[in-house]
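Respectively, the protein sequence lines represent chains S and E.
Under our numbering, the first residue of the first sequence carries the number 37, and numbering increases by one thereafter.
Under our numbering, the first residue of the second sequence carries the number 37, and numbering increases by one thereafter.
Some notes on the structure that comes next.
Number of protein chains: 2
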Amino acid sequence: MSTITTLTSALQQAGMRLTPQRTSICELLVDSDEHPTAAMIYETLKPRFASLSLATVYNTLDTLVSLGVVNVLGHAGDDKVHYDADTEPHVNLACLSCSKIVDIPSEHVTHLDAEITAASGYKLLGARVLYYGLCPACQKKQARQATMKRN
Amino acid sequence: MSTITTLTSALQQAGMRLTPQRTSICELLVDSDEHPTAAMIYETLKPRFASLSLATVYNTLDTLVSLGVVNVLGHAGDDKVHYDADTEPHVNLACLSCSKIVDIPSEHVTHLDAEITAASGYKLLGARVLYYGLCPACQKKQARQATMKRN
DNA sequence: TTCCAAATTTAGAATGATTATAAAATAAGA
DNA sequence: TCTTATTTTATAATCATTCTAAATTTGGAA
């Protein structure tokens, strides 16, 4: 599991300075289990840094992604780009109705790396496993609406 | 494996007309193993339909995606959105250097559906499994360049 | 065939996320 | 403190995608 230090020390080892903005972005990514978007990060931190710029958020995210400590999830039902500080093999499961994304540990995903490397000869650098569907709550909601229509 | 009929009949069953433009887009998606982007599809078909509009390409792709017969792959190394007519469980493997995307059949991926459904209670509607790394050719290229620098 | 209404395509404008730029602010070291 | 490189900021620019209204095409009915 990623801690704040995982992200901040990645930045430092890449020779970058640990500014308050960068540290806060890293904290937010690790603390939140909501797979935030760049805009969500910006809005959340704006009260703390009155002069915060979206460019800073994007720059920091890009750096973290290229350092391999953060993953990108796009097209997860809401057409927004989400960021995930958990780079351990796992399944991201997005609800197409309420747009929440949850993480699922998976026996099979943990074995995928070896299987793919053996089959392809590629040198693997990262992964994004995204499933989408309807969460239990939204399934009920849909069933309820269908019933109401019928009556 | 998807055939042209898989896509075209999906459109028809959704009550949509089979126009020449739509048919050609479906053909291209099925025939190509290059996971084309909207822009690539537009450029390829432009000679055949002088008046083709990008809006038509986007509309058709969106429809096919929402019908579940085409998948979307974003952030596959080249920051472009690719489309994949193969919706069977498999791994998409993207090379970060040459940006080609290949499909890998996988024993583990075929079992993921059942595992995720059991673990989450979600009703699954689709999936996108994207790994990225360096293909064998690009690994050699990188090794060669490292050698040249040393000398 | 001809006509009609609905669906579709088209061209171009609008949107909106992301990127680029240049100036101001900040941090680290001498 | 002074100096210099890095970083942040504000704003402009870019570009993929979506929207809109008009023109075209389609399939069915007469």
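Ideal Cβ placement from N, Cα and C applies to all residues, glycine included.
Please decide whether residue i counts as near chain S, where near means a Cβ-Cβ distance under 7 angstroms.
i: His111(E); result: yes
i: Arg164(E); result: yes
i: Leu65(E); result: no
i: Leu19(E); result: Here chain E has residues from 37 to 187 only, and residue 19(E) is not among them.
i: Lys185(E); result: Unreliable placement is indicated for Lys185(E), whose pLDDT of 49 sits below 50; the coordinate value is still reported in the next sentence. By this cut-off, Lys185(E) is not an interface position.
i: Gln175(E); result: yes
i: Leu54(E); result: no
i: Ile140(E); result: yes
i: Pro83(E); result: no
Can you name the start and end residues of the alpha helix (DSSP H) that residue i belongs to?
i: Cys62(S); result: 56-67
i: Leu100(S); result: 90-102
i: Leu148(S); result: 143-156
i: Leu46(E); result: For the record, residue 46(E) in the displayed sequence is Ala; it is not Leu. Its alpha helix (DSSP H) spans residues 40-49.
Taking the continuous beta strand (DSSP E) assigned at residue i, which residues delimit it?
i: Tyr167(S); result: 159-170
i: Asp139(S); result: 137-140
i: Leu129(E); result: 127-131
Tell me residue i's beta-bridge partners as DSSP assigns them.
i: Tyr17(E); result: This structure does not reach residue 17(E), given that chain E is present from 37 up to 187, and the question cannot be answered.
i: Thr73(S); result: His118(S)
For residue i, would you say it is in contact with chain E, using Cβ-to-Cβ distances shorter than 7 angstroms as the test?
i: Asp69(S); result: no
i: Tyr168(S); result: yes
i: Tyr78(S); result: no
i: Glu151(S); result: yes
i: Tyr158(S); result: yes
i: Cys134(S); result: no
i: Val108(S); result: yes
i: Ala155(S); result: yes
i: Ser102(S); result: no
i: Pro72(S); result: no
i: Leu88(S); result: no
Residues in the same chain with beta-carbon distance under 8 angstroms from residue i, minus the five sequence neighbours each way, listed in chain order, please.
i: Lys82(E); result: Leu88
Report all residues from its chain with a CB closer than 6 angstroms to the CB of residue i; omit the five preceding and five following residues, and keep chain order.
i: Tyr78(E); result: Leu90, Val93
i: Val148(S); result: First, the amino acid is wrong: residue 148(S) is Leu here, not Val. Excluding positions up to five away in sequence, the list is empty.
Any chance the CB of residue i is under 6 angstroms from a heavy atom of the ligand FAD?
i: Gln48(S); result: You won't find the ligand FAD in this model; it holds no ligand whatsoever.
Residues of the region 115-129 of chain E in Cβ contact with chain S at a cutoff of 7 angstroms, in chain order, please. Val127, Leu129
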